[in-house]
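Residue numbers (our numbering): 596 to 987.
We put the CB at the ideal spot given by N, CA and C, even for glycine.
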């Protein structure tokens with residue numbers, strides 16, 4: 596097999612892939628329910644969809660993992676909700692190596708991993724992938740941009756891993772400091788990679804590819820150098836369903852992404868991500884034969900990812916409830932200078948904007964601009980989170 600591919604699984608036939616996935620799925624079901632059985636992949640739609648709200652409720656009743664049979668784990672992570680996810684240290688437990696290989700990373704690279712290492716699993720996920728391709732890791736985490744630049748120069752960083760926006764901040768700080776960095780590859784996730792931002796990196800000699808992954812199931816899909824859609828990972832089964840249901844949509848139509856993870860250590864069956872996408876026709880020109888999706892196309896509910904973190908309607912409701920004089924709040928996600936911006940519009944008869952800003956940081960877990968408006972000003976259209984960003 597050529598070094599073009601991570602392994603032989605990427606170029607197998609559709610029949611071979613389906614047979615292997617069916618066997619793995621049957622094994623997963625046996626771990627959950629000894630009496631459960633499906634005879635072909637079409638039977639998967641007969642099983643219930645597991646939503647984040649279901650998982651949260653189950654974890655509250657049976658902490659930390661809601662009674663799911665978890666094995667061979669070395670870490671416990673917490674994501675907003677809160678939701679607890681297990682993690683393992685066995686070879687490429689999160690299946691990120693396939694993506695990093697497609698992004699051109701190899702044993703000659705030093706990866707500056709700017710995903711967070713505290714509570715949430717993203718830092719560990721990408722470090723696992725770096726180990727799988729033999730790359731060295733600088734566990735940089737988030738923030739302290741001047742130190743990031745200094746470290747990247749001193750250790751000879753050649754590749755970046757992190758959210759799409761933050762690499763630009765590092766590069767601009769390096770320019771300001773008069774430092775030339777050797778980064779020529781970027782593997783990003785945790786937010787949308789806008790075409791203008793990708794072009795900015797290309798103009799600086801940096802190849803930038805993105806993946807679609809979640810804390811719950813690890814890698815779901817990834818770009819290759821062909822940059823035509825996102826190729827499904829070999830360790831998951833993906834369905835596109837009508838939002839709020841488990842019913843598959845016709846091929847090519849937009850619907851909610853539902854993922855069945857084939858990781859025997861953490862069997863999640865038909866897990867609803869809340870994200871929208873669509874299956875693409877054909878296979879990638881790069882030669883990988885698995886199905887492709889069009890990438891992230893928004894949220895099936897109003898939950899929105901801003902600066903790599905999810906903001907949920909229930910968090911906005913908690914903000915309103917926290918201040919008795921507030922009648923309504925609306926979070927608006929926008930872009931400025933290739934970065935996400937969060938503005939929180941608050942209806943109040945005369946509250947303190949600084950106090951509201953502190954509550955926003957505490958309850959939404961992100962800092963944002965606060966705009967106080969008179970009661971009755973905000974639209975009564977049911978939206979509490981409005982995404983004004985465009986993805987063309």
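>> Measuring only the C-alpha atoms, how far is residue 903 from residue 715?
In response: Translated into the one-based positions of the chain shown, residue 903 becomes position 308. Translated into the one-based positions of the chain shown, residue 715 becomes position 120. Using only the alpha carbons, I get a separation of about 11 angstroms.
Under 8 angstroms from any heavy atom of the ligand PLP, does the C-beta of residue 712 make it?
As for the ligand PLP, it is missing from this structure, which has no ligand bound.
task = Could you check the C-alpha separation between residue 967 and residue 738 for me, to the nearest Å?
result = Taking the chain shown and counting its residues from 1, one reaches residue 967 at position 372. Taking the chain shown and counting its residues from 1, one reaches residue 738 at position 143. Looking at the two C-alpha atoms, the distance is approximately 29 angstroms.
Inset, instruction - Compute the beta-carbon to beta-carbon distance between residue 826 and residue 751, rounded to the nearest angstrom, for a pair I have assumed lies under 8 angstroms. - result: Counting from 1 along the chain shown, the entry for residue 826 is found at position 231. Counting from 1 along the chain shown, the entry for residue 751 is found at position 156. Not really, about 30 angstroms apart at Cβ, beyond 8 angstroms.
Practice prompt. Within the segment 676-733, note down every full alpha helix (DSSP H) run reaching 4 residues or more, in order along the chain.
Written response: Taking only runs of at least 4 residues, the alpha helix (DSSP H) segments lying wholly in the segment 676-733 are 692-697, 717-727.
Query - Residues near residue 829 by beta carbon distance below 6 angstroms, same chain, minus five either side - result: The residue labelled residue 829 in the question sits at position 234 within the chain shown. Cβ neighbours of residue 829 beyond the five flanking positions: 604.
Report task. Pair every Cβ in the segment 685-702 with every Cβ in the segment 723-733, then say whether three or more of these pairs are closer than 8 angstroms. Result -> At 8 angstroms Cβ cutoff, the stretches touch.
Taking DSSP as the reference, what is the three-state secondary structure of residue 568? Residue 568 cannot be examined here, being either before or after the span of the chain that is shown, 596 to 987.
- Can you give the Cα-Cα distance for residue 666 and residue 980, rounded to whole angstroms? Counting from one through the chain shown, the residue named residue 666 turns up at place 71. Counting from one through the chain shown, the residue named residue 980 turns up at place 385. Approximately 37 angstroms, taken between the alpha carbons.
* Where the beta strand (DSSP E) through residue 780 begins and ends -> Your numbering for residue 780 matches position 185 in the chain shown. Taken as a continuous stretch (DSSP letters only), the beta strand (DSSP E) holding residue 780 covers 780-783.
Please report the distance separating the alpha-carbon of residue 708 from that of residue 832. Here residue 708 refers to the residue found at position 113 of the chain shown. Here residue 832 refers to the residue found at position 237 of the chain shown. Roughly 28 angstroms between the two C-alpha positions.
| In this structure, what does DSSP give as the bridge partners for residue 872? | Within the chain shown, residue 872 is the residue found at index 277, counting from 1. BP columns for residue 872 point to 850.
According to DSSP, residue 982 sits in a beta bridge with which residue or residues?
In the chain shown, counting from the first residue as 1, residue 982 sits at position 387. Answer by DSSP bridge pairing, in chain order: 928.
- Query: Can you give the Cα-Cα distance for residue 770 and residue 683, rounded to whole angstroms?
  - Reply: Sequence index remark: in the chain shown, residue 770 carries index 175 (1-based). Sequence index remark: in the chain shown, residue 683 carries index 88 (1-based). About 38 angstroms.
* **N- and C-terminal bounds of the beta strand (DSSP E) containing residue 915** => As a working note, residue 915 is residue 320 in the chain shown. Unbroken run through residue 915 is the alpha helix (DSSP H), 908-917; no beta strand (DSSP E).
Notebook entry, point to check: With burial defined as no fewer than 16 other Cβ atoms inside 10 Å of the residue's Cβ, what is the status of residue 870: buried or exposed?
Noted result: Looking up residue 870 in the chain shown gives position 275. By the neighbour-count rule (16 or more Cβ atoms within 10 Å), residue 870 is buried.
By DSSP, does residue 735 sit in helix, in strand, or in coil? Mapped onto the chain shown, residue 735 falls at position 140. Three-state DSSP puts residue 735 in coil, outside helix and strand.
At which residues does the beta strand (DSSP E) containing residue 988 begin and terminate?
Residue 988 falls outside the range modelled here, since the chain spans only 596 to 987, and no answer is possible.
What is the DSSP secondary structure of residue 608, reduced to helix, strand or coil? Locating residue 608 in the chain shown gives position 13, counting from the first residue. Coil, per DSSP.
> Can you list, in chain order, the residues of its chain whose CB lies under 7 angstroms from that of residue 748, leaving out five sequence neighbours each side?
Replying inline: Counting from one through the chain shown, the residue named residue 748 turns up at place 153. Taken in chain order, the residues that qualify are 774, 776.
**Prompt:** Do residue 796 and residue 807 have their C-beta atoms within less than 9 angstroms of each other?
**Reply:** The sequence position of residue 796 within the chain shown is 201, counting from 1. The sequence position of residue 807 within the chain shown is 212, counting from 1. No, the Cβ-Cβ distance between residue 796 and residue 807 is not below 9 angstroms.
Using the Cα positions of residue 787 and residue 949, report the straight-line distance between them to the nearest angstrom. Residue numbering aside, residue 787 sits at position 192 when the chain shown is read from its first letter. Residue numbering aside, residue 949 sits at position 354 when the chain shown is read from its first letter. Roughly 30 angstroms between the two C-alpha positions.
Check your understanding: Roughly how many whole angstroms lie between the Cα atoms of residue 766 and residue 811?
Key -> Residue 766 sits at position 171 when you count from the first residue of the chain shown. Residue 811 sits at position 216 when you count from the first residue of the chain shown. Taking the straight line joining both Cα atoms gives about 31 angstroms.
>> Could you tell me the alpha carbon to alpha carbon distance between residue 717 and residue 710, rounded to whole angstroms?
In response: Within the chain shown, residue 717 is the residue found at index 122, counting from 1. Within the chain shown, residue 710 is the residue found at index 115, counting from 1. Rounded to whole angstroms, the separation of the alpha carbons of residue 710 and residue 717 is 6 angstroms.
Under 9 angstroms between the Cβ atoms of residue 924 and residue 915? For the purposes of this step, residue 924 is taken as residue 329 along the chain shown, with counting starting at 1. For the purposes of this step, residue 915 is taken as residue 320 along the chain shown, with counting starting at 1. In this structure, residue 915 lies closer than 9 angstroms to residue 924 by Cβ.
The segment 838-853 / the segment 666-676 touching (three or more Cβ pairs under 8 angstroms):
The segment 838-853 is not in contact with the segment 666-676.
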